[in-house]
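For reference, the structure is listed below as structure tokens.
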Amino acid sequence: MATISVPIGERQTQSMPHWTEYFRWTVDHKIIGVQYGVTAFVFFLVGGALAMLIRWELLTPALDTMASGTAYNQLFTIHGTIMIFLFVIPMWGAFGNYLIPLQLGAGDMAFPWLNAFAFWLIPPAGILVIMGYFVGQAEAGWTAYPPLSTLFSGDGQTLWAMGAHLLGFSSILGSINFLVTILNMRPEGMSIWKMPLFCWAQMATSTIAVMATPFLAGALTLMLLDRVGGTSFFDATQGGDVLLWQNVFWFYSHPAVYIMILPGMGVLSEVLSVHSRKPIFGYRMIGLSSMAIAIVGFFVWAHHMFTSLQPELRIPFMVTTMIIAVPTGIKIFSWIGTLWGGKIRFTSAMLFSLGFLSMFVIGGISGVMLAAIPFNYQVHDTYFVVSHFHFVLFGGAVFAIYSGLYHWFPKVTGRMLNETLGRIHFVLTYLGFFFTFFPMHMAGMLGMPRRVAVYAPELQTWNVIISIFSFILGISTFVFVGNAIWSVARGRRAGANPWRALTLEWATTSPPPAWNFDEPPIPFEDPYGYGTDAATAYLDAIDRTFGVPEPPRPNITGGNSPEALPSPAGD
Amino acid sequence: MQYMDNYRPLTLEEKKKKDRERAERDAEMRARNNRMGLAIFQGSWIMAFVCLAIVYLVMGAVPGWRPAEGHRPDALLPTIATLILLTSSWLARSGWRAVTRDDVQKFLSQWMIAIVLSGVFVVIMMTQFFAISPTETDIQYVELYRLMIAYHAIHAVIIGYMMVQVWRYGRAGHYHSDNHWSVEAGLKLQYFVTAAWLIFYAVLYLT
Ligand code: HEM
Ligand SMILES: [Cu+2]
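Order-wise, the sequence lines are chains A and B. No gaps in the numbering here: position 295 of the first sequence is 318 in the working numbering, and each next residue is one more. No gaps in the numbering here: position 172 of the second sequence is 551 in the working numbering, and each next residue is one more.
What follows is the structure in structure tokens.
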């Protein structure tokens, strides 16, 4: 693969580790990061294929593609489970692993061995979940409500619960590692208030994960015992309580939706500032609002159960749920403030971040609508909810993941992704996404229930539109996959710091050497202090030390648009 | 960026000195990492116990869920077991302090008694597991009661096994005032077992 002989700058660029390294047990956080990322992306492709099947089934109001309602239940159950537990959460593990030590200026994570262990729990867990196919797949949705999950679902549900247990444990171990690394391994000069906002976001995320995930473990223990131990905690006919599961599960899973979005918000803070050449607006507020979200997120869980909750608890949960929109709003305004008056460069990374900004807001607004109890009664368990969480999870988390991939791919591989393909990818994804999920609001308000394969014939027009655009969305993924494969081998060489960014991961070669920095790096006084002479001098020093990006090769990489050029010195 | 502008290869002497310093710093950092990591793990995993305790309280709030007076498990033996567990933790602590003073003999004996007491605790609680049997009306109660005892016992046994390992390493002469992290970790895990049990004890026998 990429071996390099030409020194550009004083030090040679590194080549990526031999590909076999990625299939072995290793404790290098960068390799583990890539292992997380590729594994998660493979699961993304699998989950995406299942989504295509769901949409194929929903092209018509009758049950046709799927053999039975049960088969359809299994389909969306595994789709949701894979996307949440095996794609989004591990994907943030990938970014966290790769970037946290680099951004802090540390040589590795606090517990390299534990780090590898946490990763290697994921493939077996994924296999457990998928193997359920052979013994009667789980069919109770990603939320696994009893009694469906305890009294009806096949043995696959047991494997599902075991897989989820492993994934939860992996997530706890990974988060302990992140927290200790962030709190303890910052070198001199990297105070907590100088830390990149991505690290702040991961700190908040990990705090949530270590506090909340044990509740998932508790709930899964009860479920497993009900399934195989002869107990009846969730069996109402034996005096058990089905709402017990909902309470404990959501006490974990609402915080978990922030596990899925906070790191994405961290990515946005990096990308928006770098690609608009402006200091981040409201650094402290962004950092602290992550923490606020992490805390308030523990007091809103019952908004998923408004229709079954004791009446006197509804209003309090409505209030807390609406309150949580405030720190989210703080971030949105801070990002807009960052962009305001900036020298915006519409790189693919930037486009996806802007896509996040516009789409996530829609998801936030529909969230506040759902928090209003009278409205919730009408649309609970309809496609309106499906639309809401796809706007925050796809329009939010997935857009942020793509943005981060375009932004940091050069660091990981030493080569740039192709910007032209990046734009095609963005346009297809953005349009495909919007027209897949926005009409779901309408279908939901017209009364289309979620998780059912048959629907009223008058809803078919909406569903055909949705399905067609979902296929476009599905295809758009392959533009990215193709781009990534081509660029790893042939992409333009990135140099150390192609975006001229000030955070420390760029102050070393791409990819970085085994211990990240040959000498302890000196952080710039402000990780987002773009636009000053001092910043320019610092960036020039990095260029002199580690080399500049290869100039674009027009026609081959299509990278000759001004935005794809290395940023002109002086900003 | 000073270092980047004045970049030059280091001399051998400089390099050796640097490596030494770095090794010292790394060792210090590792020690701090270990302590913090264990503390976070404890804070995190105790939540699984808090979760079950809350489940118990929530279900227990339903009238008629708990067994009628007279059918409740007797608190006497569990209370004795709890005191034994507390003693075990306390002895483990004094064993650890002995190691930090290089008094390995005292460490070995205290630590051994701590392990045995912890074992006694588990045995007593297992008798409690079997002592109650469900009637028509309190199946749920008995199931949860047994689950909590067993869930805790699993942790007590695994951590007890770790303590045995520590003891064996100690006998082989691994620990002294400069190297006692494993002992400290074992002790803190034993604290964890104790704290987790106190939570369960409080909800099972005091509410
Ligand atoms: C402004 C902030 C938000 C508010 C006020 C909010 C509110 C809500 C409410 C009330 C529901 C329940 C709908 C129902 O089932 O009747 C819901 C569902 C959901 N939300 Fe949000 N939400 C917000 C942000 C988010 C974010 C950031 C995520 C994820 C990244 C998210 C993910 C979800 C998911 C996955 C569900 C559906 C769970 C299911 O039943 O399968 N939400 N949201
Ligand atoms: Cu929620």
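C-beta: ideal position from N, C-alpha, C; glycine also. Values in this document were obtained by computation on a predicted structure and should not be read as measured data.
Any C-beta of chain B under 9 Å from that of residue i
| i | result |
| --- | --- |
| A/Q126 | no |
| A/M208 | yes |
| A/G241 | yes |
| A/T443 | no |
| A/M234 | yes |
| A/A133 | yes |
| A/N138 | no |
| A/F256 | yes |
| A/D264 | yes |
| A/F274 | yes |
| A/Q261 | yes |
| A/I31 | The predicted model places A/I31 with a pLDDT of 43, which falls under 50 and marks its position as unreliable; any figure quoted below should be read in that light. So no, A/I31 is outside the interface. |
| A/T244 | yes |
| A/P237 | yes |
| A/N539 | no |
| A/V415 | no |
| A/G582 | Residue confidence for A/G582 is low, a pLDDT of 46 falling below 50, so the modelled location carries little weight; the figure read from the coordinates is stated next. So, not an interface residue. |
Distance cut-off 8 Å: residue i Cβ against heavy atoms of ligand 2
| i | result |
| --- | --- |
| A/H326 | yes |
| A/S276 | yes |
| A/V280 | yes |
| A/V271 | no |
| A/V323 | yes |
Below-9 Å beta-carbon distance, residue i vs any chain A residue
| i | result |
| --- | --- |
| B/F420 | yes |
| B/Q519 | yes |
| B/E522 | yes |
| B/S512 | no |
| B/R445 | no |
| B/L391 | no |
| B/M438 | yes |
| B/Y530 | yes |
| B/A427 | yes |
| B/M415 | yes |
| B/N412 | yes |
| B/T516 | yes |
| B/F579 | no |
| B/M408 | yes |
| B/W576 | no |
| B/M383 | A caution first: B/M383 carries a pLDDT of 49, below 50, which makes its placement in the model unreliable, though a value can still be read off. So, interface residue. |
Residue i versus residue j - alpha carbon distance
| i | j | result |
| --- | --- | --- |
| A/W431 | B/W475 | 47 Å |
| A/I396 | A/S533 | 51 Å |
| B/E372 | B/G422 | Residue 372 of chain B lies beyond the stretch modelled for chain B, which goes from 380 to 586, so this question has no answer here. |
| A/R250 | A/T173 | 6 Å |
| A/T62 | B/L455 | 53 Å |
| B/V437 | B/G549 | 45 Å |
| B/E403 | A/M114 | 35 Å |
| A/I199 | A/S229 | 7 Å |
| B/L525 | B/C430 | With the sequence shown as reference, residue 525 of chain B is identified as Arg, and Leu is not the correct amino acid for it. If I take the Cα positions, the gap works out to 15 Å. |
| A/A74 | A/F238 | 29 Å |
| A/F460 | A/S276 | 22 Å |
| B/L442 | B/L585 | The amino acid occupying residue 442 of chain B in the given sequence is Pro; Leu does not appear at that position. When rounded, the distance between both Cα atoms is 17 Å. |
| A/F356 | A/I303 | 11 Å |
| B/T573 | A/P146 | 34 Å |
| B/I537 | B/G498 | 11 Å |
Closer than 8 Å: residue i CB and nearest ligand 1 heavy atom
| i | result |
| --- | --- |
| A/T166 | yes |
| A/G387 | yes |
| A/T330 | yes |
| A/A184 | no |
| A/I347 | yes |
| B/N412 | no |
| A/M283 | yes |
| B/L417 | no |
| B/F509 | no |
Distance cut-off 8 Å: residue i Cβ against heavy atoms of ligand 3
| i | result |
| --- | --- |
| A/L68 | Ligand 3 is not part of the structure shown, which contains ligand 1 and ligand 2 as its ligands. |
Q. Quick one: complete alpha helix (DSSP H) runs, 4+ long, within the stretch 471–556 of chain B?
A. Counting whole runs of 4 or more residues, the stretch 471–556 of chain B contains the alpha helix (DSSP H) stretches 483–510, 518–550.
Q) Fully enclosed by the stretch 228–288 of chain A, which alpha helix (DSSP H) runs are 4 residues long or longer? A) You should have found no qualifying run.
Q | Inside the stretch 436–518 of chain A only - alpha helix (DSSP H) runs reaching at least 4 residues | A | Positions of the alpha helix (DSSP H) runs, each at least 4 residues long and wholly inside the stretch 436–518 of chain A, are given as 442–468, 483–513 in order along the chain.
Q | alpha helix (DSSP H) runs contained entirely in the stretch 280–368 of chain A, provided each spans 4 or more residues | A | Listed in chain order, they are 306–319, 334–346, 348–362.
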